[in-house]
Structures are given as structure tokens and as C-alpha cells.
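Numbering (the numbering used here), first residue to last: 1 to 555.
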């Protein structure tokens, strides 16, 4: 009985044009291989509703696989039933629905990054391959600015939150502190204090800046103040789970005469900025302005007006800035070796950023106030309410244009609480949050009597590939390299002076695949088919796998 391998379809490169090896390639599907008594095939298959119903217990009646591991567990049995006569070397590329929740990638650095621009610069240079939609939990060192709430600040917070928390707001405005006694009507929770900080200071800092906000409290005991370390994200402040320690700072706020003194002293060095600061009593920090004051220039000015201090003294200097409107900013300085230097306080923080339209930014983080506004009983979304995110984004970004993307972070409950990350896309009419279920494809191969997940790529060497190998090895193996370049086939006769050994072929595979697929993932496999000469021409196949960054034969 004649034993034939039937190839139903060929995956890989389509060969067109004039190829010297075309006849051999065309005959590859019908090679008579003694010893094989099964059908070898290559196929594609798309899972249907009926297919998912076969696994309704395992999939909880859903039309998707919960994890790739679950797909890899169930699909091989499905293929065994569907293709009972297929055998060794058969491949099926299966398309199916997969739960693909956006997850965080964790990175860390010891670099000091002061704002989102510096975070973006760091990730742009160290994580160039990140795709849009990637979320990263980044740990890094950050400069810490300082701000202490004044009596006037408590009054502003009290007025701003009087309708939301009448008793607490009135107490804060009247007594210039936050009542921290949890059993009192005037109690201020952490969330309420953060809300107050947002009302007072949002817009006063650049995105990514970290601020240690100190405020007076009353707890009925001996504690008289607390401090929150917060980070401004561009849409509001987030409380960081860190404490800033160190020597207490001497507070200093610039008065009108200080701006005059700085203006006079630096008139020759910075005529425009100096005159502007003297005239308006503020530093113009718009980097597009002719009167722009950089941080270094401001530090130079502060060294002019601050008093001589003792080595190691720390000053928290507050001054007015202009960035389209007048605000205040605080720079923490250390006095050392006769001068004040910036960045006296550094703290390690961990924050979440996302890549959007090529730049790294902070996602919008839904707050307790947001969940309250939605009328939720609990501060989280669920499967029946997550659609509200897209409705909310309409009011958050009223001037969005088609194609705009919003990155979001939110609490979610589905039997247990978790934090989810995602992005919503504006189509010109409405926002749509990308689903957690995606359509994906994976290849499964029949190996050693069973169907297994298989990422093998079948690839037939082209003339261009042979030319590449010939050029790469002409100085290493002159005879074999010249021969393969001339005839287009690898001489596999061991007694020939042009013999290509298995070891030499593996070297060639490394050169070829590093050139053709340089970003191949660890564990990627290739089945390389190439023309050989053993007295007559034929096809030989070698399977390699990327291991430790190099290509090795698959055992």
C-alpha cells in the first residue's frame, strides 16, 4: 500500500516570480515519505457558538476562554475529535474568543523624575517597544515639594465643600483644622481631606509633581498636625502610600520687595524675565514666553533674597508663578556650603502611567466622589454599570475629537474587588471602552501522538535567504558558502568539501532568523525547509527554537 502525506494547505511564504527552486517547492506537498501512515495537514479553524456550547460547564456558558491556559487545556481535545486521522506534523491555527484583561507591567528605576514629562522621557528611552494602551506601574524617586494649609486655606475648603459636608466644612472654616474624631459630625475622613486638597490646589502644580501637604488637625489628644503626600495627575491629586521624613522646613513666602530685589540683581543676566518679575510680582513659567523663568533661574533668584542659614537647614519657599493665570508654587531647598540647592527632599514612589498616542500620561482614576455622584452604594463598578464610564467621559472631555483615547483606572467588583485598567475610544459621537474579551488566534500542532499548543512557523528559504547565508559565511566556510550561493542548495554529502554539517546549518539558521525575525520571543519555533543536495536535490527540514536569545535545534 502506498503511503502518502496529504497537505491540505500551506502556511508561510507565498512564492511568486522566477525562483530556481520553484519546481522543488511545488513538489514538496507530494513527497513520498516511507514509514508515515497518517494524514499531515495544515488548516485554519474559527470557533463557533456550537463549539463553545460543547464546553458550557468549563466556560460557565460564556463564549470565550477565561485564560490562554484554559484554551490550551480544552482545544487539543476538541481538535482530536474533529481531526481523528491527522497525525505528526499537522497544524491548525485556531481563532477563538479570549478574556484579555489589561494588566500592569511593573518597572522600577533609581532615577529621580520630577514630573510627567520626565517620566515620559525615561519610559520613551527605556521602553521603546511599549504599544499604545500599555499600563505600567513605575517605581522611581521623586522630588517632594511642600505646602502647609493656612487659616485662609481652611476657609476656602470649608466654603467649597459646605454643601457636601456641612458640619465638617463649618468646623474647618471656623477652627482652621480638620476634626479627626470619627464619632463626631464634623469628622474629616482621609477621602474628604483629599477632596479638600483638590478643591484648593488643583491646577497649582504640574502633572506628576509630588507635594507633602501639612495641615492642622484636632483629635482630642496631643496630635496637632498631619501630612499627606500627594501627587498631581493633571486631573486631581492622588494620595501616595509614603511618608516624607526629615528635618522640618522653615517656611518663607516671597513678598513684593523680594521680586524687586531679584529683578534688580538679575536685570543684566535676564532683562525680560527680571523686569517682568519686578512689575508683576510673579515668575512667568510658560516655557514659550520671552519672560520665562526656569527652575534654575528661580533658584538663582531665591539665593539672592534668602538669608544666610546654618549648614543643613531646609527652607520651603513659596512664590507666585504665572502660567496663564497666577498661582503659587513651593520649592524645598537645602542650605549647604554657603548656598541653597533644590531637591532637598527625595522619596521613592510608585504610580501608574499609561501610553496614549505615543506619550506616557496618568490615567483618569475614578474617585469615591465619582462613585457617589453615580448613585452607587459601593465605590466600584460592576458588569451592569461599567457602561457609565463612557457616559462620564462625555462630560469629562466635552471637546473630544474623533480618534481621541482616554486611559482609565477604576475599581471593579465581580465576586471580589479588583482594580481594572483600560482605554475608551471616541468615534466622534460616543466613547467606547475596549472590551476585556478579544478575538485571537493560536496554532496547535500534532506532536508525539497528541495535540499541543505550537507556535511553530513553517518557513521555506527563498533565494534571498540563501544569498544572505552565503554572504555571511563566505569568509568562515568559503567552499560551502560559495557553493550554496551558486547552486541554491546545501550540500549534505559528508565526504564533500562543500559539506554543510548540522552545526553549520544551525549557525546559518541563527544568522537568517536574527535578520528576518529579530524580535522573535523566547520559545518561538521555526520549521525551516530548504533545498539540499545529496546526489540529487530534495527538501530537508530543521526545527529550531529560540532559547536564551539564540536559536537551538528542538529536541
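The beta carbon of each residue, even a glycine, is placed where N, CA and C say it ideally should be.
So what does DSSP say about residue i, is it helix, strand or coil?
i: residue 430; result: coil
i: residue 22; result: Note that residue 22 scores a pLDDT of 46, beneath 50, so its modelled location is shaky; the value from the coordinates is reported in the next line. Residue 22 falls in the helix class under three-state DSSP.
i: residue 529; result: strand
i: residue 165; result: coil
i: residue 481; result: helix
i: residue 362; result: coil
i: residue 320; result: strand
i: residue 327; result: strand
i: residue 154; result: helix
i: residue 209; result: coil
i: residue 596; result: It is not possible to answer for residue 596, since the shown part of the chain is limited to 1 through 555.
i: residue 27; result: The pLDDT assigned to residue 27 is 41, lower than 50, so where the model puts this residue is not dependable, and the model offers no usable value.
i: residue 250; result: strand
i: residue 3; result: Confidence is the limiting factor: at residue 3 the pLDDT is only 29, short of 50, which leaves the residue's position unreliable, though a coordinate-based value still follows. Here residue 3 sits in coil by DSSP.
i: residue 554; result: coil
i: residue 32; result: Summary for residue 32: the model assigns pLDDT 43, below 50, so the residue's position carries little reliability, and this model does not support an answer.
i: residue 17; result: Note on residue 17: pLDDT 37, under 50, position unreliable in the model; the coordinate value appears next. The answer is coil: DSSP assigns residue 17 none of H, G, I, E or B.
i: residue 128; result: coil
i: residue 172; result: helix
i: residue 39; result: strand
Less than 8 Å between the CB atoms is what I'm expecting for residue i and residue j, so what's the real figure, rounded?
i: residue 266; j: residue 300; result: 7 Å
i: residue 77; j: residue 446; result: So it is not a contact: roughly 13 Å between Cβ atoms.
i: residue 521; j: residue 543; result: Residue 521 to residue 543, Cβ: 16 Å. No contact.
i: residue 463; j: residue 424; result: Their Cβ separation, rounded to whole angstroms, is 48 Å, which puts residue 463 and residue 424 out of contact at 8 Å.
i: residue 159; j: residue 168; result: At roughly 13 Å, the Cβ-Cβ gap does not stay under 8 Å, so residue 159 and residue 168 are not in contact.
i: residue 199; j: residue 157; result: 6 Å
i: residue 557; j: residue 171; result: With the chain covering 1 to 555 only, the question about residue 557 has no answer from this structure.
i: residue 535; j: residue 493; result: 7 Å
i: residue 214; j: residue 227; result: 5 Å
i: residue 315; j: residue 252; result: 5 Å
i: residue 47; j: residue 94; result: 7 Å
i: residue 319; j: residue 283; result: 6 Å
i: residue 331; j: residue 342; result: 6 Å
i: residue 98; j: residue 124; result: With a Cβ gap of about 30 Å, residue 98 and residue 124 do not count as contacting.
i: residue 104; j: residue 136; result: 7 Å
i: residue 485; j: residue 467; result: 6 Å
i: residue 382; j: residue 414; result: 7 Å
In the DSSP output, what is residue i paired with across the bridge?
i: residue 97; result: 439
i: residue 123; result: None; residue 123 has no bridge partner.
i: residue 399; result: In DSSP, residue 399 forms no bridge with anything.
i: residue 445; result: 91, 452
i: residue 339; result: 336
i: residue 214; result: 148, 227
i: residue 376; result: None, per the DSSP bridge assignment.
i: residue 314; result: 334
i: residue 179; result: 187, 218
i: residue 304; result: For residue 304, which the question treats as bridged, DSSP gives no partner whatsoever.
Starting from residue i and walking both ways along the beta strand (DSSP E), at which residues does that stretch end?
i: residue 542; result: 537-547
i: residue 198; result: It is not in any beta strand (DSSP E) - residue 198 instead sits in the alpha helix (DSSP H) that spans 190-201.
i: residue 354; result: 346-356
i: residue 259; result: Where residue 259 is concerned, there is no enclosing beta strand (DSSP E), although the alpha helix (DSSP H) it sits in stretches over 256-265.
i: residue 143; result: 135-148
i: residue 229; result: 225-232
i: residue 409; result: 405-413
i: residue 572; result: Lying before the first or after the last residue shown, residue 572 is absent from the chain, which here runs from 1 to 555.
i: residue 238; result: 237-239
Just to confirm the assignment, what range does the alpha helix (DSSP H) spanning residue i have?
i: residue 393; result: 388-396
i: residue 371; result: 368-373
Give, in chain order, every unbroken run of the beta strand (DSSP E) that is at least 3 residues long and sits entirely within the segment 271-302.
none
For the segment 448-521, which segments carrying the beta strand (DSSP E) assignment without a break, of at least 3 residues, lie completely within its bounds, in sequence order?
450-453, 457-460
Every unbroken beta strand (DSSP E) inside the segment 52-115 [3 residues or more]
91-99, 104-112
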